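Counting with our numbering, you get residues 102 to 634 for the letters of the sequence shown.
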Amino acid sequence: MRISTAQYFETSSAKYSDNYSSVVKAQDQASSGVRVQTAGDDPVAAARLLLLQQQKDMLGQFNGNITSLKNSLTNEESVLGAINDALQRATQLALRAGGSLSDADRRSVASEVGAIEDQVLGLLNSKDSSGNYLFSGSKTQTPPYSRNNDGTYSYQGDETPLSLQVSNTLTVNAGDTGKTVLEGAANSSRTQATWLAPVPQTVPPTVNDNKVALSAGLVTSSSDYASKFADGEPYKLTFTSSTQYKVSDKNGTDVTSEIAGNGTFDATKEGSTSVALRGVKFDITMNLGDVAPGANSDALVKDRSFSLEAKPDTFSISRTPSNASTAQLNNATVSSQAGYASTFPTNSGALIKFTSATAYEMYTQPYTANSRPIATGDTGGGTTLTAAGVTFDISGGTPQAGDQFSVGANTQKTQNALDTLGQLRKALELPADGNPAATVKLKDVLDASIANLANSMSQITNVRGSIGARGNALDIQSDENTSIGLANTSTMSDLANIDMGEAAINLTLQQTMLQASQLAFVKISQLSLFNKM
């Protein structure tokens, strides 16, 4: 086969060009220290490098999330610390109010409690640096707590805390919801003691003279309360003398033997007047005046009776500001226990919507355009409405179509600190000097406030402990991410970079080959047919 001159020159030129490219590439590798500059240099290594780079970028995002989480948790910890300090101060005020203070002194204490109430509300409605509410969960633009018309408070957020991913397998909550922080605190004042008028009514006293009083009770054991007390209520405590009583359950069974002291007490000794009944402690107060101990006191106290039971559920009602009318729903009471238990959404709350001046519908919260009513009715032009076993009074005007009212149920199982502070403030504002009945009620509120504030602070402490645990987890994950990042960097270096000694040898080899190619091409290009003659 003959090779033409043109073909020979093209082949030699291409070979020379390849050698020159190899030298340039070797020079680039030697100067940059990078072996894999394109996927064609090493397809397998290039694929691995791409995956490692993606992981490196993800680690950068994870580390950024860790920084954001630490900032959020530090902010939350600071707010919770301030709330805890405020509740501690309120507890001190409640203890002080239990002493020998006058009505004027208690009103002064009430003012400070009111200031603490406003402070705690403001702290719970705190925002982060981005303008989002800390404790509203995923509803970051909604204030977590609002004050209702009756002075109670409602949580408006949800139960879904925001979270960020800090590794391929770990996601950490950026904060806590109001449900977690306050709503889960146990309510120690879930019971009540009601004076029972004697039968027949001719037996004195026909009205409660408060010479013998029983506290509303404090839950000392939630498990005993749920498993024992609730099964036997209402109980009836009857005094048989000024030093003895008996207790029977709803079936009339005598349960006095279950109580420490077996129905015996001493009103003259502090700490000897408690009735510890199935996880609930009731205190006996005697105000017999100048009546001598013994037969006279026994006669005055004998047959006085009290009903001991759980407090009924209460309701908080708020009207939508855009309502066309001035009508308001209030004084909600359970009128049908069966209907209430089977229909009313106690966990989420309900929405009552008027479709005309008299017709209304009740929906489960949250209400959407696709919601279906769980109850309907018509007031018939009256001043009450009943839905899901609950009856409401209508006041302030006639409702109009489109009016809406939000109804929340308080089952007494839990109580947030805001409601506790509000109840304490109101009790301290009421006069009690020289009024035995008011004094008993004040003591009940003070005891309940101290216990419930302690429960709220315990709940906050648990949340703060969770924040600390999350902070430790973030520190550990940050160290882990750093280790993974260093390992990735080392692996990427091994795959992409070149050994400088090898690079120098390769560069010398390529330069030598290029020089040889140049000399060969020059010599051969000068040959012709005349050289053979």
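Glycine included, every Cβ here is placed at the ideal spot set by N, Cα and C. In this text, all values refer to a predicted model and were calculated from it rather than measured experimentally.
| said: Using a Cβ-Cβ cutoff of less than 7 Å, which residues in the same chain neighbour Ile568 once the five nearest sequence positions on both sides are dropped? | reply: Start at 1 with the first residue of the sequence shown, and residue 568 comes out as number 467. Only Leu174, Glu177, Glu178 meet the Cβ criterion.
| said: Is the beta carbon of Thr272 closer than 8 Å to that of Leu265? | reply: Position 164 of the sequence shown holds residue 265. Position 171 of the sequence shown holds residue 272. A contact, by the Cβ cut-off of 8 Å.
| Which of helix, strand or coil DSSP assigns to Phe416 | Here the question's residue 416 lines up with position 315 in the sequence shown. It is a strand residue.
| request: Determine the direct distance from the alpha carbon of Phe366 to that of Arg473, and round the result to whole angstroms. | output: One-based indexing of the sequence shown puts residue 473 at position 372. One-based indexing of the sequence shown puts residue 366 at position 265. A direct Cα-to-Cα measurement between Arg473 and Phe366 gives close to 56 Å.
| What's the gap between the Cα of Gly364 and the Cα of Ser358? | Here residue 364 corresponds to residue number 263 of the sequence shown, with the count starting at 1. Here residue 358 corresponds to residue number 257 of the sequence shown, with the count starting at 1. Cα-Cα distance, rounded: 7 Å.
| task | Whole angstroms is fine: what's the gap from Glu371's alpha carbon to Arg405's? | result | On the sequence shown, position 270 is the one that residue 371 refers to. On the sequence shown, position 304 is the one that residue 405 refers to. Going by the C-alpha atoms only, they are around 22 Å apart.
| Anticipated Cβ contact below 8 Å, Asn274 with Pro245, distance rounded | Position 173 of the sequence shown holds residue 274. Position 144 of the sequence shown holds residue 245. The Cβ separation is near 15 Å, so there is no contact.
| What do you get for Ala155, buried or exposed, if any count of 16 or more other CB atoms within 10 angstroms of its CB means buried? | Indexing the sequence shown from 1 puts residue 155 at position 54. With the sequence shown as reference, residue 155 is identified as Gln, and Ala is not the correct amino acid for it. Classification for Gln155: exposed.
| Straight-line CA distance for Gly134 to Asp259? | As a first step, residue 134 must be located in the sequence shown, where it is residue number 33. As a first step, residue 259 must be located in the sequence shown, where it is residue number 158. Low confidence applies here, because Gly134 scores a pLDDT of 48, under 50, leaving its location unreliable; read the following figure in that light. Computed Cα separation, rounded: 55 Å.
| Nearest-angstrom Cα separation, counted from Asn172 out to Glu581 | Your numbering for residue 581 matches position 480 in the sequence shown. Your numbering for residue 172 matches position 71 in the sequence shown. So the two alpha carbons sit approximately 19 Å from each other.
| message | Quick check on Val308: does DSSP put it in helix, strand or coil? | response | Taking the first residue of the sequence shown as 1, we reach residue 308 at position 207. Here Val308 sits in coil by DSSP.
| said: So, for Gln295: in the same chain, excluding its five sequence neighbours on each side, which residues have a beta-carbon less than 7 Å away from its beta-carbon? | reply: Counting from 1 along the sequence shown, the entry for residue 295 is found at position 194. Residue identity differs from the one stated: residue 295 is Thr in this sequence, not Gln. Answer for Thr295: Phe407, Ser408, listed in chain order.
| Are Tyr256 and Lys228 closer than 8 Å when you measure CB to CB? | By one-based count along the sequence shown, residue 256 stands at place 155. By one-based count along the sequence shown, residue 228 stands at place 127. Taking 8 Å as the Cβ cut-off, Tyr256 and Lys228 do not qualify as a contacting pair.
| request: Rounded to whole angstroms, what's the CA-CA distance from Val435 to Gly523? Just pull it up for me. | output: Here the question's residue 435 lines up with position 334 in the sequence shown. Here the question's residue 523 lines up with position 422 in the sequence shown. Roughly 24 Å separates the two Cα atoms.
| task | Can you have a look at Ile577 and say buried or exposed, based on whether 16 or more other CB atoms are within 10 angstroms of its CB? | result | For the purposes of this step, residue 577 is taken as residue 476 along the sequence shown, with counting starting at 1. Exposed: under 16 other Cβ atoms inside 10 Å.
| Start and end of the beta strand (DSSP E) containing Tyr468? | As a working mapping, residue 468 is identified with position 367 in the sequence shown. No beta strand (DSSP E) holds Tyr468; DSSP gives it neither H nor E.
| query | Within this structure, are the beta carbons of Ala549 and Ser289 separated by less than 8 Å? | reply | Translated into positions along the sequence shown, residue 549 becomes position 448. Translated into positions along the sequence shown, residue 289 becomes position 188. Cβ distance < 8 Å, so Ala549 and Ser289 count as in contact.
| task | Using three-state DSSP, classify Gly165 as helix, strand or coil. | result | Indexing the sequence shown from 1 puts residue 165 at position 64. Reduced to three states, the DSSP call for Gly165 is helix.
| said: With H, G and I counted as helix, E and B as strand and the rest as coil, what does DSSP make of Met102? | reply: As a working mapping, residue 102 is identified with position 1 in the sequence shown. Residue placement at Met102 is poorly supported in this model, since its pLDDT is 49, which falls under 50; the coordinates still yield a value, given next. Assigned with DSSP and collapsed to three states, Met102 falls in coil, not helix or strand.
| Between the region 204 to 212 and the region 156 to 168, are three or more C-beta pairs nearer than 8 Å? | no
| request: Go through its chain and collect everything with a Cβ distance to Leu389's Cβ below 7 Å, but skip five positions before and after it. | output: Taking the sequence shown and counting its residues from 1, the one referred to as residue 389 is at position 288. If we look at Leu389 and ignore the five residues flanking it on each side, its Cβ neighbours are Lys312, Ser398, Leu401.
| request: Can you grab the Cα-Cα spacing for the pair Val214 / Thr386, in whole Å? | output: Position 113 of the sequence shown, counting from 1, holds the residue named residue 214. Position 285 of the sequence shown, counting from 1, holds the residue named residue 386. Straight-line measurement puts the Cα of Thr386 at about 27 Å from the Cα of Val214.
| For Arg197, which residues from the same chain have a beta carbon less than 8 Å from its beta carbon, with the 5 sequence-adjacent residues on both sides left out? | Looking up residue 197 in the sequence shown gives position 96. Excluding positions up to five away in sequence, the list reads Val210.
| query | Do Pro500 and Ala458 have their C-beta atoms within less than 8 Å of each other? | reply | Counting from one through the sequence shown, the residue named residue 500 turns up at place 399. Counting from one through the sequence shown, the residue named residue 458 turns up at place 357. With a cutoff of 8 Å on beta-carbon distance, Pro500 and Ala458 are scored as near each other.
| Best match in Tyr346, Gly380, Ser212, Asp251 for proximity to Leu319 [C-alpha to C-alpha] | Taking the sequence shown and counting its residues from 1, one reaches residue 319 at position 218. The shortest Cα separation from Leu319 among Tyr346, Gly380, Ser212, Asp251 belongs to Gly380.
| message | Whole angstroms are fine: how far does the CA of Gly165 sit from the CA of Leu486? | response | Position 385 of the sequence shown holds residue 486. Position 64 of the sequence shown holds residue 165. Distance between the alpha carbons of Leu486 and Gly165 is about 55 Å.
| request: List the whole-angstrom C-beta distance separating Gln438 from Gly450, where the pair is believed to meet the contact cut-off of C-beta under 8 Å. | output: Position 337 of the sequence shown, counted from the start, is the residue given in the question as residue 438. Position 349 of the sequence shown, counted from the start, is the residue given in the question as residue 450. Their Cβ separation, rounded to whole angstroms, is 19 Å, which puts Gln438 and Gly450 out of contact at 8 Å.
| said: The beta strand (DSSP E) that contains Ala510, what's its start and end? | reply: Taking the first residue of the sequence shown as 1, we reach residue 510 at position 409. Its beta strand (DSSP E) spans residues 505 to 511.
| field | Backbone CA spacing between Leu188 and Val282 [nearest angstrom] | value | Counting from 1 along the sequence shown, the entry for residue 188 is found at position 87. Counting from 1 along the sequence shown, the entry for residue 282 is found at position 181. Going from the Cα of Leu188 to the Cα of Val282 covers about 13 Å.
| said: Just list the residues that DSSP pairs Glu410 with in beta bridges. | reply: The count along the sequence shown starts at 1 and reaches residue 410 at position 309. For Glu410, which the question treats as bridged, DSSP gives the partners Gln293.
| said: Taking the alpha helix (DSSP H) that Ile217 belongs to, which residues open and close that run? | reply: To locate residue 217, count along the sequence shown from 1; it is residue 116. That run of the alpha helix (DSSP H) goes 204 to 225.
| task | Kindly indicate the opening and closing residues of the beta strand (DSSP E) around Lys347. | result | Taking the sequence shown and counting its residues from 1, one reaches residue 347 at position 246. Run containing Lys347: 346 to 349, per the beta strand (DSSP E) assignment.
| query | Is the number of C-beta pairs between the region 546 to 565 and the region 504 to 519 that are closer than 8 Å three or more? | reply | yes
| request: Spell out the partners DSSP gives Tyr336 in its beta bridges. | output: Counted from its first residue, the sequence shown places residue 336 at position 235. DSSP output for Tyr336 lists Leu409 as bridge partner(s).
| Beta-carbon spacing of Asp350, Ala425 below 8 Å | Working through the sequence shown from its first residue, we reach residue 350 at position 249. Working through the sequence shown from its first residue, we reach residue 425 at position 324. No, they are not a contact pair.
| field | Sub-8 Å separation of Val491 and Tyr441 beta-carbons | value | Here residue 491 corresponds to residue number 390 of the sequence shown, with the count starting at 1. Here residue 441 corresponds to residue number 340 of the sequence shown, with the count starting at 1. Yes, the pair counts as a contact, with Cβ atoms nearer than the cut-off.
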